[in-house]
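Structure first, then comments.
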């Protein structure tokens, strides 16, 4: 058991030198050093509707199955086993799905869980220089998937840590890549003026080994050799060849969040939270969020209302001098949502919804259903 404690502590305290080493500044890029250079951006889309509605600072507050995504350190704090499924229809007929199962172990000393997420689309026509109308009726699909295994441990009654190991698969038509990554998180929870307060620090998507390096038949081509110097030009048969790709880094994220219950009673709770984050593929940003939950102790139903705003400097259209007509670009980073929870016997069912705005792209709807038992 002491060995397991030591392994978890070492993983949580692992220095971020590898992350820093990935961030090599480009002196020609004054706005950001790595925009458009990372793969598997779907890793930043989130987990459930509750977490997305509070995403700027949910890492400090989470006490449910969404801890698998936001902060594995919170897994020992779960009240019982819980499973969830999220569906988010994305833009341009793409989709995003997330599912997870988590449970506390040994009376809350440990927590364990597994998660799965997929982003992609299918059956899109293939256009080439030789077949510009897709007369061949060929199609291709994209499927990006991550599978995670998470473990958390309560080192003391007020401090927990956790780690998630990830297997990432990126299937782009006939080319594919695989990578391994990890999340590391901590959670400190106490009381201030008799009400709960929590702080969290999380590193997400730290690559283990190299990044995503694609290979496959989609990179094959026919190379036509040139005649040697001094030799008259003559037709030569092509020979098969394959493009060699470079490994693409993952969108590593540093997050620090704090959450405080300004109202805490048996029937109602109002939590306010904030977060600062630094993501490898974007500029540093911050966010604010709030959640109000009404939960009468003598009734089976609970109601929650949520909202958040996250500032994203990379989406500053005024700085870029760009205009987008009558698009509601000012709503970028705004998320609103709510949820209903129904308790019966030792079980609990919950439905959550979030309205998430993506600026010039418009809003998306997110739906999550979860089930737990106590």
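Numbering (our numbering), first residue to last: 41 to 414.
The beta carbon of each residue, even a glycine, is placed where N, CA and C say it ideally should be.
For clarity, every value in this text was computed on a predicted model and none was experimentally measured.
| For the alpha helix (DSSP H) that residue 90 lies in, which residues bound it at each end? | Taking the chain shown and counting its residues from 1, the one referred to as residue 90 is at position 50. It spans 89-93 - the alpha helix (DSSP H) in which residue 90 sits, taken as one unbroken run.
| task | With a threshold of 16 other CB atoms inside 10 Å of the CB of residue 286, please say whether the residue is buried or exposed. | result | Here residue 286 refers to the residue found at position 246 when the chain shown is read from its first residue. Result: exposed.
| request: Determine, using beta-carbon pairs with one atom in the segment 91-100 and one in the segment 235-249, whether at least three such pairs fall under 8 Å. | output: Under the 8 Å Cβ criterion, the segment 91-100 counts as touching the segment 235-249, having at least three qualifying pairs.
| request: My understanding is that residue 382 touches residue 341, with C-beta atoms under 8 Å, so please give their C-beta distance in whole angstroms. | output: By one-based count along the chain shown, residue 382 stands at place 342. By one-based count along the chain shown, residue 341 stands at place 301. That belief holds up - the Cβ atoms of residue 382 and residue 341 are roughly 6 Å apart, short of 8 Å.
| message | Output needed for residue 43: all residues of its chain with C-beta closer than 8 Å, excluding positions within five of it in sequence on either side, in chain order. | response | Translated into the one-based positions of the chain shown, residue 43 becomes position 3. Caution is warranted here: a pLDDT of 43 is assigned to residue 43, below 50, making its placement in the model unreliable, and the coordinate value is therefore given only provisionally. Once the five neighbours on either side are set aside, residue 43 has no close Cβ partner at all.
| task | Can you say whether residue 63 is buried or exposed, counting buried as having 16 or more other CB atoms within 10 angstroms of its CB? | result | Sequence index remark: in the chain shown, residue 63 carries index 23 (1-based). In this prediction, residue 63 scores a pLDDT of 44, lower than 50, which makes its location untrustworthy; the coordinate-derived value is nonetheless stated afterwards. With fewer than 16 neighbouring CB atoms inside 10 Å of its own CB, residue 63 falls in the exposed class.
| task | Have a look at 175, 226 and 183 and flag the residue whose alpha-carbon is nearest the alpha-carbon of residue 203. | result | In the chain shown, residue 203 corresponds to position 163, counting from 1. Closest by alpha carbon: 226.
| field | Three-state class that DSSP yields for residue 305 in the structure shown | value | As a first step, residue 305 is located in the chain shown; it is residue number 265 there, counting from the start. In the structure shown, residue 305 sits in coil (DSSP, three-state: anything other than H, G, I, E or B).
| query | When you compare only the Cα positions, how much space is there between residue 261 and residue 80? | reply | Your numbering for residue 261 matches position 221 in the chain shown. Your numbering for residue 80 matches position 40 in the chain shown. So the two alpha carbons sit approximately 25 Å from each other.
| If you drop the 5 nearest sequence neighbours on each side, which residues of the same chain put their C-beta closer than 6 Å to that of residue 146? | On the chain shown, residue 146 is found 106 positions in, with the first residue counted as 1. Hits under 6 Å: none found.
| What are the boundary residues of the alpha helix (DSSP H) that includes residue 109? | Locating residue 109 in the chain shown gives position 69, where the first residue counts as 1. Segment 107-110, the alpha helix (DSSP H) holding residue 109.
| field | Reduced DSSP category for residue 214 - H, G, I as helix; E, B as strand; rest coil | value | As a working mapping, residue 214 is identified with position 174 in the chain shown. Residue state, collapsed to three classes: coil.
| query | When you compare only the Cα positions, how much space is there between residue 399 and residue 375? | reply | Here residue 399 refers to the residue found at position 359 of the chain shown. Here residue 375 refers to the residue found at position 335 of the chain shown. For residue 399 and residue 375, the gap between their C-alpha atoms comes out near 11 Å.
| query | Could you check where the beta strand (DSSP E) with residue 329 kicks off and where it finishes? | reply | By 1-based counting over the chain shown, the position of residue 329 is 289. 325-334 is the span of the beta strand (DSSP E), which, as asked, contains residue 329.
| Whole-angstrom distance between residue 352 and residue 245, CA atom to CA atom | The residue you call residue 245 lines up with position 205 of the chain shown. The residue you call residue 352 lines up with position 312 of the chain shown. If I take the Cα positions, the gap works out to 19 Å.
| said: Going by DSSP in three states, residue 139 sits in which element: helix, strand or coil? | reply: Taking the chain shown and counting its residues from 1, one reaches residue 139 at position 99. DSSP, read as helix, strand or coil, puts residue 139 in strand.
| said: Let me confirm a value: residue 282 is counted as buried when at least 16 other C-beta atoms fall within 10 Å, else exposed. Which label applies? | reply: Indexing the chain shown from 1 puts residue 282 at position 242. By the C-beta density criterion, residue 282 is exposed, having fewer than 16 other C-beta atoms within 10 angstroms.
| field | Short Cβ contact (8 Å threshold) for residue 216 with residue 256 | value | As a working mapping, residue 216 is identified with position 176 in the chain shown. As a working mapping, residue 256 is identified with position 216 in the chain shown. Yes, Cβ-Cβ distance for residue 216 and residue 256 is below 8 Å.
| message | Tell me the DSSP secondary structure of residue 184 in three-state form. | response | For the purposes of this step, residue 184 is taken as residue 144 along the chain shown, with counting starting at 1. Of the three classes helix, strand and coil, the one that applies to residue 184 here is strand, per DSSP.
| query | How big is the Cα-Cα spacing for residue 323 and residue 336? | reply | Counted from its first residue, the chain shown places residue 323 at position 283. Counted from its first residue, the chain shown places residue 336 at position 296. In a straight line, the C-alpha of residue 323 is about 42 Å away from that of residue 336.
| said: Out of 132, 188, 115 and 153, which one is the CA nearest neighbour of residue 195? | reply: As a working mapping, residue 195 is identified with position 155 in the chain shown. Nearest option by C-alpha distance: 115.
| field | Per-residue DSSP class, three states only, for residue 82 | value | One-based indexing of the chain shown puts residue 82 at position 42. Note: residue 82 maps to helix in three-state DSSP.
| task | In the DSSP assignment, find the alpha helix (DSSP H) that holds residue 98 and state where it starts and stops. | result | Residue numbering aside, residue 98 sits at position 58 when the chain shown is read from its first letter. Per DSSP, residue 98 belongs to the alpha helix (DSSP H) from 98-101.
| field | Contact belief for residue 174 with residue 166 at Cβ below 8 Å, rounded distance in angstroms | value | One-based indexing of the chain shown puts residue 174 at position 134. One-based indexing of the chain shown puts residue 166 at position 126. That pair is a contact at about 6 Å.
| Contact check, residue 117 vs residue 200 under 8 Å by CB: the rounded distance? | Looking up residue 117 in the chain shown gives position 77. Looking up residue 200 in the chain shown gives position 160. Their Cβ separation, rounded to whole angstroms, is 7 Å, which keeps residue 117 and residue 200 in contact under 8 Å.
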